[in-house]
Amino acid sequence: MTGVQTSREFPIPEHMKAWVLGDPGELALKQKPVPAPGRAEVLVRIDAVAICATDLEVIAYGTPAMIQGGLPFNKNFTPGHEYMGTVVALGPGVDEVSIGQRVAVEIHAGCGQCKRCREGMYTACLNYGLNYGDRDKGHRANGFTTDGGFCEYQVNNINTLVAVPDGVSDEEACLIVTAGTAMYGLTELGGLVAGESVAVLGPGPIGLLGVAVAKALGAAPVILTGTRDNRLEIGRELGADHLINIRKENAVETVRRLTGGRGLDYVLECSGAPDAVNDAARMLSRGGKLCLAAFPHEPVLVDVAHLVRNNIYVYGIRGEGRSATHRAAALIAQKRFDACKIHTHTFALEDLPTALKYARERIEDAIKVVVKTRTGAAQRLAAE
Ligand SMILES: [Zn+2]
Ligand SMILES: [Zn+2]
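Below, the structure written as structure tokens:
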């Protein structure tokens, strides 16, 4: 492509290995052409990609991915969205980053021209998924509306790139976007959480890093609820002041006791449990704020009267907006928490089906499972 800058240090093949989604639940390792970066884009050589619960969702059910306006099956679509890598080619006119730079990536590149993008809410772009045919608005959500990271190379808009701090491993760098999602939730709640009380519901990856980010920002106390003690213990290592196993005690009662009967300032809901909104509302003080970062599959009954009478604010968040990923990366660079505590397993790209199985069935207590594209000989070569 004309105007694309490359470097002899990083030779780019014409084709690459890429996992492609066929029918629901069916992935095949294929050869695909290496994509070329356009204006305001770079080509990233993917070094590592983490598996997210949403990937499992996309592979099994299609949603929330949307390719060419519909379900992503049998469309030569490559899922995967929590990746990091090395910039190996620059699109025409790109001078914001350089070849060889290690980057983590945000998922969403808004169109840049709609009302929400102009407001900085690029993860809620009004032209979401309109990136094909003669309605190409330039929107990308890699792994959702455009090809993602279960392959060797991907193009990214420069606005999605986050520099990987020195001393941060490939695996930890994949978690920058996870921490960014937690940071976005706290940002939408107002961001000024120092000295405020926060509960995080659900010790999945976002919940656990939600604890870490809230603690790093000075929230106190930070309470984590969940069903499994081993996950809750990781939350303690990441900064939770109180753990509540909801199988053993009533979380609402315990939270109210811990807050002297007053209730919390903030709740970050990461469990997706059917009754989570009602529980969260009863944990909050009057005028408290609730951020929903997870959701149940089925519609649920919500006690709206309780929300209204108590002036409770409810926020839904999508992705990792408002450049929250950069703030999360800053906390990781300053070693304010150790995101590696949630990384449990690493596999080679060829072993993606096994990696997905570990993540889905939580084999060996898997939390974050990472797939690396460059293992063995290739990696040793790169290290020289
Ligand atoms: Zn994800
Ligand atoms: Zn937009």
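Quick note on my numbering: the sequence shown kicks off at -4 and runs consecutively.
We put the CB at the ideal spot given by N, CA and C, even for glycine.
Quantities reported herein were computed from a predicted structural model and do not represent experimental measurements.
- [ ] Use the C-beta contact count for lysine 284: other C-beta atoms within 10 angstroms, 16 or more gives buried, fewer gives exposed.
- [x] Here residue 284 is taken as the residue at index 289 of the sequence shown, counted from 1. Looking at its Cβ environment, which holds 16 or more other Cβ atoms inside 10 Å, lysine 284 is buried.
- [ ] Please state if the CB of asparagine 151 and the CB of glutamate 36 are separated by a distance shorter than 8 Å.
- [x] Residue 36 sits at position 41 when you count from the first residue of the sequence shown. Residue 151 sits at position 156 when you count from the first residue of the sequence shown. In this structure, asparagine 151 lies closer than 8 Å to glutamate 36 by Cβ.
- [ ] Tell me whether the beta-carbon of glutamate 315 lies closer than 8 Å to the beta-carbon of glutamate 101.
- [x] For the purposes of this step, residue 315 is taken as residue 320 along the sequence shown, with counting starting at 1. For the purposes of this step, residue 101 is taken as residue 106 along the sequence shown, with counting starting at 1. Yes, the Cβ-Cβ distance between glutamate 315 and glutamate 101 is below 8 Å.
- [ ] In the DSSP assignment, find the unbroken beta strand (DSSP E) run with aspartate 50 in it and report its ends.
- [x] Walking along the sequence shown from the start, residue 50 turns up at place 55. Per DSSP, aspartate 50 belongs to no beta strand (DSSP E); it is in the alpha helix (DSSP H), 48 to 56.
- [ ] Counting only the same chain and skipping the five closest in sequence on each side, list residues whose C-beta sits under 6 Å from that of alanine 332.
- [x] Along the sequence shown, one-based indexing puts residue 332 at 337. A quick correction: the sequence has phenylalanine, not alanine, at residue 332. Result list for phenylalanine 332: Ala207, Ala211 and Leu233, in chain order.
TODO: Report the three-state DSSP secondary structure of cysteine 335 (helix, strand or coil).
DONE: On the sequence shown, position 340 is the one that residue 335 refers to. Helix at cysteine 335.
Task: Residue interval of the alpha helix (DSSP H) (run including histidine 301) - done: Reading the sequence shown from its first residue, position 306 is the one you call residue 301. Per DSSP, histidine 301 belongs to the alpha helix (DSSP H) from 299 to 304.
Task: Given tyrosine 353 as reference, the closest of Glu345, Leu344, Val364 and Ala343 once Cα atoms are compared - done: Here residue 353 corresponds to residue number 358 of the sequence shown, with the count starting at 1. If we check each option's Cα against that of tyrosine 353, Val364 comes out closest.
Task: Chain-order list of residues whose beta-carbon lies under 6 Å from that of alanine 45 (same chain, five-residue window excluded) - done: As a first step, residue 45 must be located in the sequence shown, where it is residue number 50. Counting only Cβ-Cβ distances below 6 Å, and skipping sequence neighbours, we find Glu77, Cys169, Lys363 and Val365.
TODO: Report the three-state DSSP secondary structure of arginine 252 (helix, strand or coil).
DONE: Numbered from its first residue, the sequence shown carries residue 252 at position 257. Correct three-state label for arginine 252: helix.
Open item on the list: Between Glu191, Val15, Leu203 and Val193, which has its C-alpha nearest glycine 57's C-alpha?
Closed with: Numbered from its first residue, the sequence shown carries residue 57 at position 62. Checked all of Glu191, Val15, Leu203 and Val193; the closest Cα to glycine 57 is Val15.
TODO: Look at the Cβ atom of isoleucine 337, then the Cβ atom of valine 163, and state whether they are nearer than 8 Å.
DONE: To locate residue 337, count along the sequence shown from 1; it is residue 342. To locate residue 163, count along the sequence shown from 1; it is residue 168. No, they are not a contact pair.
Open item on the list: Quick check: is any heavy atom of ligand 2 less than 7 Å from the C-beta of glycine 107?
Closed with: By 1-based counting over the sequence shown, the position of residue 107 is 112. Result yes, Cβ under 7 Å from ligand 2.
Task: Residue from Ala325, Gly221 and Leu85 with nearest C-alpha to proline 160 - done: The sequence position of residue 160 within the sequence shown is 165, counting from 1. For proline 160, the nearest C-alpha among the options comes from Ala325.
Task: Contacting residues, own chain, Cβ-Cβ under 6 Å from glutamine 96 (five flanking each side not counted) - done: Residue numbering aside, residue 96 sits at position 101 when the sequence shown is read from its first letter. For glutamine 96, where only same-chain residues beyond five positions count, the Cβ hits under 6 Å are Val82.
Open item on the list: Can you look up methionine 61 in the DSSP assignment and give me helix, strand or coil?
Closed with: Residue mapping note: residue 61 aligns to position 66 of the sequence shown, counting from 1. In this structure, methionine 61 counts as coil in the three-state DSSP scheme.
- [ ] Give a single yes or no on whether arginine 231 has its beta carbon closer than 7 Å to a heavy atom of ligand 2.
- [x] On the sequence shown, residue 231 is found 236 positions in, with the first residue counted as 1. The answer is no for arginine 231.
TODO: Might you give, ordered along the chain, the residues of its own chain that have their beta carbon closer than 6 Å to the beta carbon of alanine 309, omitting 5 neighbours on each side?
DONE: Against the sequence shown, residue 309 aligns to sequence position 314. The sequence as given places valine at residue 309; alanine does not occur at that position. Closer than 6 Å at Cβ, skipping near neighbours: Leu285.
- [ ] Given a cut-off of 8 Å, decide if arginine 40 and glycine -2 are closer than it, judged by their beta-carbon atoms.
- [x] Taking the first residue of the sequence shown as position 1, residue -2 is located at position 3. Taking the first residue of the sequence shown as position 1, residue 40 is located at position 45. Their beta carbons are not under 8 Å apart, which means glycine -2 does not touch arginine 40 by this criterion.
TODO: Give the DSSP-derived three-state secondary structure of alanine 373 in the structure shown.
DONE: Mapped onto the sequence shown, residue 373 falls at position 378. Below a pLDDT of 50, predicted positions are generally treated as unreliable, and alanine 373, at 45, falls in that range; no measurement from the model is reported.
Open item on the list: Closer than 8 Å is the cut-off here; do at least three beta carbon pairs connect the region 2 to 20 with the region 107 to 123?
Closed with: no
Open item on the list: Using the Cβ count rule (16 or more neighbours within 10 Å means buried), how would you classify valine 303?
Closed with: Numbered from its first residue, the sequence shown carries residue 303 at position 308. So valine 303 counts as exposed.
Task: Top-ranked residue by Cα proximity to glutamate 183, from His301, Gly17, Gly115 and Pro269 - done: Position 188 of the sequence shown, counting from 1, holds the residue named residue 183. The candidate whose alpha carbon is nearest that of glutamate 183 is Gly115.
Open item on the list: Comparing C-alpha positions only, which one of Phe290, Arg281, Thr341 and Asp142 sits nearest to glycine 197?
Closed with: Here residue 197 is taken as the residue at index 202 of the sequence shown, counted from 1. It is Phe290 whose Cα lies nearest to the Cα of glycine 197.
Task: Presumed contact (8 Å Cβ cut-off) between alanine 276 and isoleucine 307, rounded CB distance - done: Numbered from its first residue, the sequence shown carries residue 276 at position 281. Numbered from its first residue, the sequence shown carries residue 307 at position 312. Rounded, the Cβ-Cβ distance is 6 Å, consistent with contact.
Task: CB of valine 297 within 8 Å of CB of proline 269, strictly - done: On the sequence shown, residue 297 is found 302 positions in, with the first residue counted as 1. On the sequence shown, residue 269 is found 274 positions in, with the first residue counted as 1. It is not a contact, given that the beta carbons lie outside the stated cut-off.
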